[in-house]
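In the numbering used here, the protein residues as written are -2 to 292.
Glycine included, every Cβ here is placed at the ideal spot set by N, Cα and C.
The model shown is predicted, which means the values in this text are computed figures rather than measured ones.
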């Protein structure tokens, strides 16, 4: 087993394909296949499960990949630096993030970063699904909510507070809302997940109240709920940071200002080896600064 075999294995996992790895490191596909076979023979265990359509790490393969990624990345960047290339600020960074956070904060942050480092290419994938960083080949993720990633580096960068909001025109001819229970009589705009579609939990200094709600419209996007609230469709429970423009313009107002919904942590999740990659460090630092400003 050689360092070259290990490097080839890392590239195969990163790119999810023998062919792509071969193209990247400029060797025949057969060389890649032989390198993986050699690793598996020497280690005495299967590292990859291959089908005609997919490539999946075994449990042993995942452990080996996570252990090798940092050293291989550090060696590659050290070699490029030795060659006199400004390579620590080149390459690609794949980022996954929650949809609303991605479109509102991550996108402009990466746009600004790309002007500073034009030799780094960025790929953004916004989804509310929890992506497997290793399996799907991502360098880092911005997660909302509790993170259980013991084999990754987790950096908490802020929190999102959900608040009940509505437009003045919706509330104009209705009875005043003085207590969370009053919301039960109103049309509500809710995420279409089981946990919040039928009930909201609101908290104040006095304690917490769980209220059943009448969901008039549901959506899988917070920005969609925000726009419908502005249009007067009902009361929405949305992140406070996405409402600032609407609050300032008077298009939305807080319903029950002393009451908030859940508070959700926001974290950047990256491989333990990310500290050895300057382009990842630069990206994480910039995203941290951008998120801290808003959250």
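With a cutoff of 8 Å on beta-carbon distance, residue 270 and residue 66 are scored as near each other.
For residue 252, there is no enclosing beta strand (DSSP E), as DSSP gives it neither H nor E. By the criterion of a C-beta distance shorter than 7 Å, residue 174 is surrounded in its chain by 180, 252, 253, once the five residues flanking it on both sides are discounted. Within the segment 53 to 140, the complete alpha helix (DSSP H) segments at least 4 residues long are 56 to 79, 104 to 113, 130 to 133, listed from N- to C-terminus. Taking the C-beta atoms as reference points, residue 250 is found no nearer than 8 Å to residue 141. Around residue 38, the same chain offers no residue with a beta carbon nearer than 7 Å, after the five sequence neighbours per side are excluded. By the neighbour-count criterion, in which a residue is buried when 16 or more other Cβ atoms sit within 10 angstroms of its Cβ, residue 177 is buried. Residue pairing for residue 257: DSSP places it in a beta bridge opposite 200. In the structure shown, residue 35 adopts helical secondary structure according to DSSP, grouped into three states.
Counted as a single uninterrupted DSSP element, the stretch harbouring residue 25 is not any beta strand (DSSP E), since DSSP gives it neither H nor E. Nearest Cα to residue 243 within the set 255, 228, 257, 256: 228. Collapsing the DSSP output to three states places residue 51 in coil. DSSP lists no beta-bridge partner residue for residue 41. Proximity of the segment 276 to 288 to the segment 86 to 105 meets the contact definition, three or more beta-carbon pairs being nearer than 8 Å. Taking a contact to require three or more Cβ pairs closer than 8 Å, the segment 138 to 158 and the segment 257 to 270 qualify as touching. A distance below 6 Å between beta-carbons, with the five flanking residues on each side excluded, links residue 222 to the following residues of its chain, in chain order: 186, 216, 233, 235. A distance below 8 Å separates the beta carbons of residue 88 and residue 117.
Just so you know, the alpha carbons of residue 70 and residue 44 end up roughly 20 Å apart. Annotation for residue 225: 186, 214, 216, 231, 233 place their beta carbon closer than 8 Å to its own, counting only its chain and skipping 5 residues before and after. The segment 169 to 238 contains, as complete beta strand (DSSP E) runs of 3+ residues, the segments 184 to 188, 196 to 201, 204 to 209, 211 to 216, 232 to 236 (chain order). For residue 284, the enclosing alpha helix (DSSP H) stretches over residues 275 to 291. Residue 157 sits away from residue 121, with the two beta carbons spaced by 8 Å or more. Between residue 33 and residue 10 the beta-carbon gap is near 10 Å, outside 8 Å, which marks them as no contact. Look at residue 264 here: in three-state DSSP terms it is strand.
In the DSSP assignment, residue 159 falls within the unbroken beta strand (DSSP E) covering 149 to 163. 8 Å or more divides the Cβ of residue 266 from the Cβ of residue 74. Looking at 127, 59, 135, the one whose alpha-carbon comes closest to that of residue 143 is 127.
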